[in-house]
Amino acid sequence: MDRTERFYKIEMLIRSRGCVSFAELKAALEVSPATLKRDLQYLRERMDAPIEYDASENGYRFGEQWRGQRHELPGVWFSEKELHALLTMHQLMASLDDNGLLNRHLQPMLDKLLGMLGGDGQQAQEMTRRIKLISTARRRVASEHFETVGSAVVKRQRLRIRYRKRGQGGGAVSEREVSPQRLVHYRNTWYLDAWCHGSQGLRRFALDAMEQAEPVEGAALHSLPLPQLEEELDQGYGIFAGGDPQWATLVFSESAAPWVASEEWHPSQRSEFLPDGRWRLEIPFVDATELLMDLLRHAGQVEVVSPPALKEAYAQRLRGAVATLDSASAEGAVAKT
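Start counting the sequence shown at 59; every next residue gets the next number (our numbering).
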């Protein structure tokens, strides 16, 4: 019988019998006196169970204020391994939280988890310090916008935002009224998927491009089912959303195949190893921008088979990279003469 089971059994015995002696509890639980004492102490000090010792009855009962009432232990219990897993998850969440917003709300839960570990709490804190999440090219999000947007998603509340569209010259700024559908964290950046009431369609907004965000009081939210969101926004490769997807066919070299084959490029991808050891991958994409960036990481190890437009765009990127290198080499040679 593990500790959680013992806690519930102690509670059940006291509730059913009214007063239970130490010897009866020890016999029912089949534990040593020291273990039973620790269990009773934990229940009273950490779980706020109103268990008192009644000297006149030589047993344990609920406190007078609880007699005749129903007292329940918390409904959620975790083993030590599960608590460690939750602490690890907390540390990972904190690593995504530049401004401390999530941590501020999660800290009370962390304190309770450490309390449930009792004497092992210090060891658990040391464990969290040995977990590090390294992120690159992270975009900073103004804290007030993240909290406002996150609250609107949870409360199902319409928002009015001022948004700077990415582009040359700093991008155009527009004001929009949107119905938030979900928050997306992708490659170290937060996005809001929302119904835009101005354009009458689903759009994806980067939170770091929001210059202002405020709730719209009293306005009805336009809510969409999640399957529709996935159908419209998640069909293509990467973060680019909307439009009809095309399929890209890629073939990776024999040396790169074992490593790339273990990666998921898209939930709907199709792949197979070829007889010569190469790996063929087929993935849907709507906009080639992000796909081309990822293909360049494998330059020299991947062949773009189709479609022709993607193949040509990839070739142009490679030729451009070579031209830049040749130009830099030529300038260096001239400088040495």
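Each residue gets a CB set at the ideal place from its N, CA and C atoms; glycine is no exception.
| task | Determine the DSSP secondary structure at Pro166, reduced to helix, strand or coil. | result | helix
| task | Using the Cα positions of His129 and Ser74, report the straight-line distance between them to the nearest angstrom. | result | Low per-residue confidence applies at His129: pLDDT is 48, beneath 50, and the placement is therefore not dependable enough to give any value.
| Under a Cβ-count criterion, where at least 16 other Cβ atoms within 10 Å of its own Cβ denotes burial, should Asp384 be classed as buried or exposed? | exposed
| Which class does Arg104 belong to by DSSP, given the choice of helix, strand or coil? | coil
| request: Measure the CB-CB distance between Ser79 and Gly117 and report whether it falls below 8 Å. | output: yes
| Tell me which same chain residues have a C-beta within less than 8 Å of the C-beta of Ala386, skipping the five on either side of it? | none
| With DSSP run on the structure shown, which of helix, strand or coil describes His356? | coil
| message | Between the alpha carbons of Ala29 and Arg262, how many angstroms are there, rounded? | response | Limits of the chain in this structure are 59 at one end and 395 at the other, which puts residue 29 out of reach.
| field | Per-residue burial, Leu354 [other beta carbons within 10 Å of its own, 16 or more giving buried] | value | exposed
| said: Between the stretch 304 to 314 and the stretch 234 to 252, can you find at least three pairs of beta-carbon atoms closer than 8 Å? | reply: no
| field | Of the listed residues Thr247, Val236, Arg224, nearest to Gln215 (C-alpha basis) | value | Val236
| Pairwise C-alpha distance: Tyr221 and Phe204 | 14 Å
| message | I'd like to know whether the C-beta atoms of Thr206 and Ala113 end up nearer to each other than 8 Å. | response | no
| query | Beta-carbon separation of Leu101 and Phe65 under 8 Å? | reply | yes
| said: Using only CA atoms, which one of Phe298, Arg377, Leu350, Gly259 lies nearest to Ser281? | reply: Gly259
| Touch test, the stretch 316 to 335 against the stretch 363 to 381, Cβ-Cβ under 8 Å, three pairs minimum | no
| query | Got a sec? Which residues, its chain only, sit under 8 Å from Ala396 by beta carbon, not counting five neighbours each side? | reply | Because the chain in this structure spans residues 59 to 395, residue 396 falls outside the shown range and cannot be described.
| task | Could you tell me how far apart the beta carbons of Trp337 and Ala319 are, in whole angstroms, since I believe they sit closer than 8 Å? | result | 5 Å
| task | Please report the Cβ distance between Gly294 and Phe343, rounded to the nearest whole angstrom; I am assuming they are in contact, meaning their Cβ atoms lie under 8 Å. | result | 5 Å
| field | Glu69 beta carbon less than 8 Å from that of Ala107 | value | yes
| message | By alpha-carbon positions, which one of Ala267, Phe331, Ile297 ends up nearest to Ser313? | response | Phe331
| said: Please give the ranges of any alpha helix (DSSP H) in the stretch 327 to 375, keeping only runs that are unbroken, at least 4 residues long and fully inside the region. | reply: 346 to 354
| task | Count the other CB atoms, across all protein chains shown, that sit within 10 Å of the CB of Tyr249; report buried if there are 16 or more and exposed otherwise. | result | buried
| Enclosing beta strand (DSSP E) for Leu241 [first to last residue] | 231 to 244
| request: Reducing DSSP to helix, strand and coil, say where Arg73 ends up. | output: helix
| query | Can you tell me where the alpha helix (DSSP H) with Trp305 in it begins and where it stops? | reply | Trp305 -> not in any alpha helix (DSSP H); beta strand (DSSP E) instead, spanning 304 to 310.
| Minimum C-alpha distance to Glu115 - residue among Glu275, Ala92, Gly76 | Gly76
| Backbone CA spacing between Leu71 and Glu88 [nearest angstrom] | 14 Å
| message | Judging by CA-CA distance, which residue of Leu287, Gln359, Tyr372 is the nearest neighbour of Gly335? | response | Gln359
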